[in-house]
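The structure appears below as structure tokens.
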């Protein structure tokens, strides 16, 4: 039973802080017995709620990182496990009524937030990060510095926590490790507030090879996307082709899965399917541009970048078409095979145009010669 307003006695079932999906902070009041009175007080005048919360928290201007606020919330058994992740000040004596929601026996008062969406997303990503050997964890216990520690996850995944002893973190997320440590510390500490963050990511990695400015091994930090790694590798070189290939272990086959992404499809907008979420062990290959060459009786002889699906008809069109002296029945494709031997392929373009023959695929370094007609 708590005093609410001036002298009204009202039973409060629960009082706790909550972070909404968009990063806004809410104070939630639940009452099975006296909810109608709470609703009436809030709708008639916010000051009753303000007085009550000020009395409960002993603060008129609440900062979620303030030690006294955390202490008071613990006294009233308010849920505090999420508060340390939100940088926000709530002025409980603001003249403007905050947003609110009423449902059954619950009043939710929603305040704004100054937490950038990207920061909120980053912190949520970190909580879902799966811990592995080599990761360095900073474990902080609020107002218990002697229990705080820095731990390198060993090969057996057992980290040692003061008072608690060994905790196996194999294949657990940061949030799961936090929950386990908090539960074990409750045997020794009243209302422990545990924060765990990864200071160095070492257990999950990808390889980046090919036409990037800084190829090599890169560690995944929470949710890491293709664009994140390309940026970390300092971007593509001028020789990079229009495709990026991701090779990934397949659970159903010994052959790796091959994912091909076109550069032009990549962008930073949310939920872009081309910006692939990377997995540990992925190999990202950025091949160099490939070329083929045309000379002879063609409008624009020279070298051309080889695009996927390039055929002899497409190549001739890209080079501007034949001159009036070209022989369409005896075009030569000079191709070097795997044994470094040169082959000569004779092509009759008229047969391809008349669908008597199939169009021929052009391969890297092919040389196409357009001879002059003898007539």
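Residue numbers (full-length UniProt numbering): 1 to 375.
Note that beta-carbon positions come from the ideal geometry of N, C-alpha and C, so glycine has one too.
Residues that residue i bridges to, as DSSP identifies them
{"i": "residue 343", "result": "335"}
{"i": "residue 303", "result": "293"}
{"i": "residue 103", "result": "106"}
{"i": "residue 158", "result": "168"}
{"i": "residue 325", "result": "Per DSSP, none; premise fails for residue 325."}
{"i": "residue 220", "result": "Beta-bridge pairing links residue 220 to no other residue."}
{"i": "residue 377", "result": "The requested residue 377 is not part of the displayed model; the chain covers only 1 to 375."}
{"i": "residue 14", "result": "30"}
{"i": "residue 199", "result": "Partner(s): none; residue 199 has no beta bridge."}
{"i": "residue 257", "result": "248"}
As assigned by DSSP and simplified to three states, the class of residue i
{"i": "residue 204", "result": "coil"}
{"i": "residue 265", "result": "helix"}
{"i": "residue 193", "result": "coil"}
{"i": "residue 179", "result": "helix"}
{"i": "residue 372", "result": "strand"}
{"i": "residue 355", "result": "coil"}
{"i": "residue 249", "result": "coil"}
{"i": "residue 350", "result": "helix"}
{"i": "residue 380", "result": "This structure leaves residue 380 out entirely; the chain is present only between 1 and 375."}
{"i": "residue 186", "result": "coil"}
{"i": "residue 360", "result": "coil"}
{"i": "residue 243", "result": "strand"}
Chain-order list of residues whose beta-carbon lies under 7 Å from that of residue i (same chain, five-residue window excluded)
{"i": "residue 164", "result": "181, 184, 185"}
{"i": "residue 239", "result": "211, 288, 289"}
{"i": "residue 129", "result": "173, 174, 198, 222"}
{"i": "residue 168", "result": "157, 158"}
Endpoints, alpha helix (DSSP H) assigned at residue i
{"i": "residue 312", "result": "312-318"}
{"i": "residue 231", "result": "226-232"}
Cutoff 8 Å; reference residue i; Cβ partners in own chain excluding five residues on either side
{"i": "residue 349", "result": "312, 313, 316, 328, 329, 331"}
Limits of the beta strand (DSSP E) - the one that residue i falls within
{"i": "residue 137", "result": "136-141"}
{"i": "residue 151", "result": "149-152"}
{"i": "residue 173", "result": "Neither: residue 173 is in no beta strand (DSSP E) and is coded neither H nor E."}
{"i": "residue 286", "result": "283-286"}
6 Å CB neighbourhood of residue i in its chain, flanking five on each side removed
{"i": "residue 226", "result": "275, 276"}
{"i": "residue 392", "result": "The structure shown does not extend to residue 392, since the chain is modelled only from 1 through 375, so no value can be given for it."}
{"i": "residue 335", "result": "343, 366"}
{"i": "residue 298", "result": "319, 370"}
{"i": "residue 147", "result": "141, 162"}
Buried versus exposed call for residue i [16 or more other C-beta atoms within 10 Å across all chains shown]
{"i": "residue 292", "result": "buried"}
{"i": "residue 461", "result": "An answer regarding residue 461 cannot be provided, because it is not within the stretch 1 to 375 covered by the chain."}
{"i": "residue 337", "result": "exposed"}
{"i": "residue 160", "result": "exposed"}
{"i": "residue 368", "result": "buried"}
{"i": "residue 31", "result": "buried"}
{"i": "residue 192", "result": "buried"}
{"i": "residue 246", "result": "buried"}
{"i": "residue 282", "result": "buried"}
{"i": "residue 208", "result": "buried"}
{"i": "residue 260", "result": "exposed"}
{"i": "residue 102", "result": "exposed"}
{"i": "residue 132", "result": "buried"}
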